[in-house]
Amino acid sequence: MPLTQNQINYCMECGVCTASCPVSRELPAFSPRQIIKRAMMGPDGDLLQSRELWACLTCARCSTRCPMEIDFPELNRSYREEARKDGNAPLESHHGILQTIARLQTRKLNQQRTTWAEGAGSFKDTGDYFYFVGCLPFFDATFRYLGLTATKSSQSVLKLLNKMGIEPVISNDERCCGHDALWSGDVDTFVKLAELNLEVIRGSGAKTVVFSCPEGYTTFKRHYPEYVGDLPFEVLHLTEFLAREIPGTELSFTPAEDGAVTYQDPCRLGRLAGIYDPPRELLRLAPENQVVEMGRSRENALCCGTSAWMECSSCSKAMQIERL
């Protein structure tokens, strides 16, 4: 995504991005503006061999405030593609096991990734609605020693869809959406995963694909059309789907015990996808709920501190502690 000379000139005189950046607060030497400056310097800037490229969380706090409307996360993503070609790769968290799992899924596999759904509800192989579960089953396996059961949320989604009279497609052949590969500059892996997912969804006959994962939703919505063409189905985040379909039904929700609830806007679902209202509309479906906004919400929401399972550092941990 080339920048205009006007954008570059104003960027070099500004600094709003640095003041907005959560990484810059922990690492004063880091600045989105300096990344752009080094890119403009070409080989002299040595950007493609820098570690700063990978420090960025791509949370988009900078781009939502940029007076010149520079989409820095996308710009940085393009730099990462070039950096990886130049031999500069990110430090992968947890010894790279999740990246390895993603790369393995580019092959023809006989997966058993729907065991979490057995006994949780009804699902089928073909139909109008496809529930794209994402990598939660792999998180359960990878972080078993932590007692993590990420698929509990998937079970809840399945039960809710069943209560709405929907028996969704859940497929053993689903792959990782490719989000992490894309944002770490591994476009080859991303495209292979995207093509395999499209093949599976087309084969199911689904007209609507529902995501509970912000990363999966944003990847399909924004990046699949860019790399593999227009999608022959509707892409909806679960909150969008429920906010559209539940009103007028007989479904009701149990209010929070103390009446007060809040919502954390994910970077991908909020700043990158612009979905702010549907989650709040759902919380208000229980009239007794008192929806309380966090001190920083919507476009100003805090980032969780990590991105694409890479560059987990003292910087990201400091942000996570502050957020808690």
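Residues 29 to 352, numbered by our numbering, are exactly what the sequence shown covers, in order.
Ideal Cβ placement from N, Cα and C applies to all residues, glycine included.
Using a Cβ distance threshold of 9 Å, residue 329 and residue 296 do not count as a contacting pair. Residue 103 places its beta carbon less than 9 Å from that of residue 31.
For the options 144, 288, 191 and 125, the alpha carbon positioned closest to that of residue 209 is the one of 125. The C-beta distance from residue 151 to residue 197 rounds to 7 Å, short enough to meet the 8 Å contact threshold. A direct Cα-to-Cα measurement between residue 39 and residue 82 gives close to 21 Å. Here the stretch 191-206 makes contact with the stretch 217-231; the two share three or more CB pairs at distances below 8 Å. Exposure of residue 320 is indicated by the presence of fewer than 16 other C-beta atoms within 10 angstroms of its C-beta. Going by DSSP, residue 159 is part of no alpha helix (DSSP H) but of the beta strand (DSSP E) stretching over 157-160. It is roughly 52 Å from the alpha-carbon of residue 285 to the alpha-carbon of residue 76. Taking all protein chains in view, the Cβ of residue 132 is surrounded by fewer than 16 other Cβ atoms within 10 Å, so the residue is classified as exposed. The Cβ atoms of residue 90 and residue 44 lie closer than 9 Å to each other.
Per DSSP, the unbroken beta strand (DSSP E) holding residue 239 starts and ends at 236-239. Here residue 37 is exposed, its C-beta having fewer than 16 other C-beta atoms within 10 Å.
The bridge partners DSSP lists for residue 288 are 318. The three-state secondary structure of residue 184, taken from DSSP, is helix.
DSSP, reduced to helix, strand and coil, places residue 174 within a helical segment of the structure shown. Checking the DSSP bridge columns, you'll see residue 152 partnered with 197. Shown here for residue 149: same chain residues with a beta carbon closer than 6 Å to its own, the five before and five after excluded, namely 186, 187 and 190 in chain order. Distance check between residue 154 and each of 287, 301, 237 and 265 places 237 closest, using alpha-carbon atoms only. According to the DSSP assignment, residue 264 belongs to the beta strand (DSSP E) that extends over 262-265. Put simply, the backbone Cα of residue 224 is about 43 Å away from that of residue 288. In the structure shown, residue 52 adopts helical secondary structure according to DSSP, grouped into three states. Residue 335 carries a strand assignment under DSSP once its states are collapsed to helix, strand and coil. In the three-state reduction of the DSSP assignment, residue 214 falls in the coil class. For residue 135, the number of other beta carbons within 10 angstroms of its own is below 16, and it is reported as exposed. Residue 243 sits buried, since 16 or more C-beta atoms from the chains shown fall within 10 Å of its C-beta.
Going by C-alpha positions, residue 194 is about 8 Å away from residue 157.
If you look at residue 39, you'll find it in the alpha helix (DSSP H) that goes 33-41. In the DSSP annotation of this structure, residue 277 is not part of any alpha helix (DSSP H), being labelled neither H nor E. Counted as a single uninterrupted DSSP element, the alpha helix (DSSP H) harbouring residue 68 occupies residues 60-68. Straight-line measurement puts the Cα of residue 332 at about 11 Å from the Cα of residue 86.
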